[in-house]
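**Q** Numbering (the numbering used here), first residue to last: 11 to 374. Ideal Cβ placement from N, Cα and C applies to all residues, glycine included. Since the structure is predicted, the reported quantities are computational estimates derived from the model, not experimental observations.
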Ligand SMILES: [Ca+2]
Ligand SMILES: [Ca+2]
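(1) Going residue by residue through the region 108-160, where are the continuous beta strand (DSSP E) segments of at least 3 residues, counting only ones entirely within it?
(2) Return yes when at least one heavy atom of ligand 2 lies under 7 Å from the C-beta of residue 299, else no.
(3) Is there contact between the region 277-295 and the region 128-136, where contact requires at least three CB pairs shorter than 8 Å?
(4) Is any non-hydrogen atom of ligand 1 found closer than 7 Å to the C-beta of residue 152, if you look at the structure I gave you?
(5) How long is the line joining the alpha carbons of residue 219 and residue 287, rounded to whole angstroms?
(6) Is it buried or exposed for residue 120, if we count other Cβ within 10 angstroms and need 16 for buried?
(7) Around the Cβ of residue 143, are there at least 16 other Cβ atoms within 10 angstroms (buried) or fewer (exposed)?
(8) Go to residue 377, then tell me how far its alpha helix (DSSP H) extends in each direction, as first and last residue.
(9) Is there contact here, the region 198-207 with the region 164-178, by at least three beta-carbon pairs under 8 Å?
(10) May I ask you to report which of helix, strand or coil DSSP gives residue 82?
(11) Roughly how many angstroms lie between the CA atoms of residue 357 and residue 77, to the nearest whole one?
(12) Does the structure place the region 305-320 close enough to the region 79-94 that three or more beta carbon pairs sit under 8 Å?
(13) DSSP puts residue 229 in a beta bridge; with which residues?
(14) Might you give, ordered along the chain, the residues of its own chain that have their beta carbon closer than 8 Å to the beta carbon of residue 244, omitting 5 neighbours on each side?
(15) Between which two residues does the beta strand (DSSP E) containing residue 412 stretch?
(16) In whole angstroms, what separates the C-alpha of residue 289 from that of residue 361?
(17) Quick check: the Cα distance between residue 240 and residue 79, rounded to an integer number of angstroms?
(18) Between the beta-carbon of residue 281 and the beta-carbon of residue 163, is there less than 8 Å?
(19) Buried or exposed: residue 236, going by 16 or more other Cβ atoms within 10 Å of its Cβ?
(20) If you draw a straight line from the C-alpha of residue 330 to the C-alpha of residue 315, how long is it?
(21) Is the CB-CB distance between residue 351 and residue 342 below 8 Å?
(22) So, are the CB atoms of residue 278 and residue 151 less than 8 Å apart?
(23) My assumption, with CB atoms under 8 Å, is that residue 354 sits in contact with residue 170. Please give the rounded CB distance.
(24) If you reduce the DSSP assignment to three classes, tell me which class residue 87 lands in.
(25) Nearest to residue 370 by CA position, among 225, 285, 306, is which residue?
(26) So the alpha helix (DSSP H) residue 310 belongs to, where does it begin and stop?
(27) Between 324, 275, 347, 306, which has its C-alpha nearest residue 153's C-alpha?
(28) Give a single yes or no on whether residue 164 has its beta carbon closer than 7 Å to a heavy atom of ligand 1.
(29) Do you know whose CA, among 183, 298, 306, lies nearest residue 93's CA?
(30) Just tell me which of 129, 317, 257, 349 has its CA closest to the CA of residue 365.
(31) Report buried or exposed for residue 158, applying the criterion of at least 16 other Cβ atoms within 10 angstroms of its Cβ.
(32) Taking Cβ to Cβ, would you say residue 84 is nearer than 8 Å to residue 113?
(33) State the DSSP-derived secondary structure class of residue 201, mapped to helix, strand or coil.
(34) Within the present structure, is the beta-carbon of residue 342 separated from the nearest heavy atom of ligand 2 by less than 7 Å?
(35) Mind checking whether the beta-carbon of residue 316 lies closer than 7 Å to any heavy atom of ligand 1?
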């Protein structure tokens, strides 16, 4: 549970897990008035305190329910875009995974069989979102086209940076960056930078943590390829740039019987690599979260909160939804309404060793 709390908070903070509200981009129908007889189904409770991240939602939630049309044309399984499913993969004991096209139930691949060794990897040593406007404009990528860097998380910096610091320093969770095929850490023309999600190897008793076990979700269960990867990364005189690339990250939460899915567009990374350990400074991880994708993530997540008692992450969902109006800062389709959030995170890396995968947890 500790893992999930830390991780979900990380994702809320990192991915700017946000909901409907603010200006509607026009891509998703919304209601401003709750339908008759329908009450919002988001419970606002104090989170349980067993985790290490202590965050109490302090804003009442009254977001109205949305009207949503399931999108299942030609699909036999997977999400319907409204928090429901187009069908289940439960007819064949082996073919339990819905493929990406949602047209077929397939046997999931086994990342633990496909991936036994990892190349040079750096783990987050620090992580924060820039809150100072001058820093944002100078260091974050420009997504709005005005030549100045953007960060929709800017207003949340003072709220989330303390938690991000605790999380990274406490070693609850980490993003590990694997430098595939790199042998020259000062100059490499073309490689793939892979992002992996890990927890400390229990055998690592030191501080800070340097040995990590990977979450299975680091790999796509249809292809066994890393979910987060930046092809065409390059290092020139120590300066690394990678992306942009779009990726979706789906985190299954076995304890809760559910999953959260995030899609980051125009994802990009830059940093100064200082040695082959891999140490890096002045890192920036940035991308865009569209309102359309956010609404989809929320619908999927909220559908899992419709039970008594609601899963713990539903508390964080409520908190995240209250952040929403502050986050959308971009108008990508030029209709003057904000329809996406720019995300910008500053980080440094220290050398890390991937020792394997997190062993399956015994059933509780
Ligand atoms: Ca800009
Ligand atoms: Ca717009």
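**A** On the basis of the supplied data:
(1) Segments of the beta strand (DSSP E) lying fully in the region 108-160: 131-138.
(2) To locate residue 299, count along the chain shown from 1; it is residue 289. For ligand 2, not one heavy atom lies less than 7 Å from the Cβ of residue 299.
(3) Taking 8 Å as the limit for Cβ pairs, the verdict is that the region 128-136 does touch the region 277-295.
(4) Counted from its first residue, the chain shown places residue 152 at position 142. Correct: residue 152 has its Cβ closer than 7 Å to ligand 1.
(5) Against the chain shown, residue 219 aligns to sequence position 209. Against the chain shown, residue 287 aligns to sequence position 277. Rounded to whole angstroms, residue 219 to residue 287 spans 14 Å at the Cα level.
(6) The count along the chain shown starts at 1 and reaches residue 120 at position 110. Exposed.
(7) In the chain shown, counting from the first residue as 1, residue 143 sits at position 133. Around the CB of residue 143, fewer than 16 other CB atoms lie within 10 Å, so the residue is classed as exposed.
(8) Because the chain here runs from 11 to 374, residue 377 falls outside it and cannot be looked at.
(9) The region 198-207, when compared against the region 164-178, does not touch it at the 8 Å Cβ threshold.
(10) What you label residue 82 is simply residue 72 of the chain shown in a count that begins at 1. Residue 82: coil per DSSP, three-state reduction.
(11) Position 347 of the chain shown, counting from 1, holds the residue named residue 357. Position 67 of the chain shown, counting from 1, holds the residue named residue 77. Those two C-alpha atoms are separated by around 39 Å.
(12) They touch, by the three-pair rule.
(13) Within the chain shown, the letter at position 219 stands for residue 229. For residue 229, which the question treats as bridged, DSSP gives the partners 236.
(14) Within the chain shown, numbered from 1, the residue matching residue 244 stands at position 234. So the list reads 198, 199, 200, 201, 250, 251, 252, once near-sequence residues are dropped.
(15) The structure shown does not extend to residue 412, since the chain spans only 11 to 374, so no value can be given for it.
(16) Counted from its first residue, the chain shown places residue 289 at position 279. Counted from its first residue, the chain shown places residue 361 at position 351. A direct Cα-Cα distance of roughly 6 Å separates residue 289 from residue 361.
(17) Here residue 240 is taken as the residue at index 230 of the chain shown, counted from 1. Here residue 79 is taken as the residue at index 69 of the chain shown, counted from 1. Cα-Cα distance, rounded: 33 Å.
(18) Counted from its first residue, the chain shown places residue 281 at position 271. Counted from its first residue, the chain shown places residue 163 at position 153. No; because the gap between Cβ atoms is not below 8 Å, this pair is not in contact.
(19) Residue mapping note: residue 236 aligns to position 226 of the chain shown, counting from 1. A residue is called buried when at least 16 other Cβ atoms come within 10 angstroms of its Cβ; residue 236 meets this threshold and is buried.
(20) Walking along the chain shown from the start, residue 330 turns up at place 320. Walking along the chain shown from the start, residue 315 turns up at place 305. About 14 Å.
(21) As a working mapping, residue 351 is identified with position 341 in the chain shown. As a working mapping, residue 342 is identified with position 332 in the chain shown. Annotated as distal: residue 351 and residue 342, with beta-carbon spacing of 8 Å or more.
(22) Along the chain shown, read from residue 1 onward, the residue named residue 278 stands at position 268. Along the chain shown, read from residue 1 onward, the residue named residue 151 stands at position 141. Yes.
(23) For the purposes of this step, residue 354 is taken as the residue at position 344 of the chain shown. For the purposes of this step, residue 170 is taken as the residue at position 160 of the chain shown. Wrong, their Cβ atoms sit about 12 Å apart, outside the cutoff.
(24) Counted from its first residue, the chain shown places residue 87 at position 77. It is coil, neither helix nor strand.
(25) As a working note, residue 370 is residue 360 in the chain shown. Nearest of 225, 285, 306 to residue 370, Cα basis: 225.
(26) By one-based count along the chain shown, residue 310 stands at place 300. First-last of the alpha helix (DSSP H) with residue 310: 301-313.
(27) One-based indexing of the chain shown puts residue 153 at position 143. Ranking the options by Cα distance to residue 153, first place goes to 275.
(28) The count along the chain shown starts at 1 and reaches residue 164 at position 154. Flag unset: Cβ of residue 164 not near ligand 1.
(29) Taking the first residue of the chain shown as 1, we reach residue 93 at position 83. Residue 93 has its Cα closest to that of 306, out of 183, 298, 306.
(30) The sequence position of residue 365 within the chain shown is 355, counting from 1. The residue from 129, 317, 257, 349 with its alpha-carbon nearest to that of residue 365 is 129.
(31) Counting from one through the chain shown, the residue named residue 158 turns up at place 148. Answer is exposed; the Cβ neighbour count stays below 16.
(32) If you number the chain shown from 1, residue 84 lands on position 74. If you number the chain shown from 1, residue 113 lands on position 103. In this structure, residue 113 lies closer than 8 Å to residue 84 by Cβ.
(33) What you label residue 201 is simply residue 191 of the chain shown in a count that begins at 1. Reduced to three states, the DSSP call for residue 201 is strand.
(34) The sequence position of residue 342 within the chain shown is 332, counting from 1. Yes, since a heavy atom of ligand 2 falls inside the 7 Å radius drawn around the Cβ of residue 342.
(35) Within the chain shown, residue 316 is the residue found at index 306, counting from 1. Taking 7 Å as the cut-off, the C-beta of residue 316 does not count as close to any heavy atom of ligand 1.
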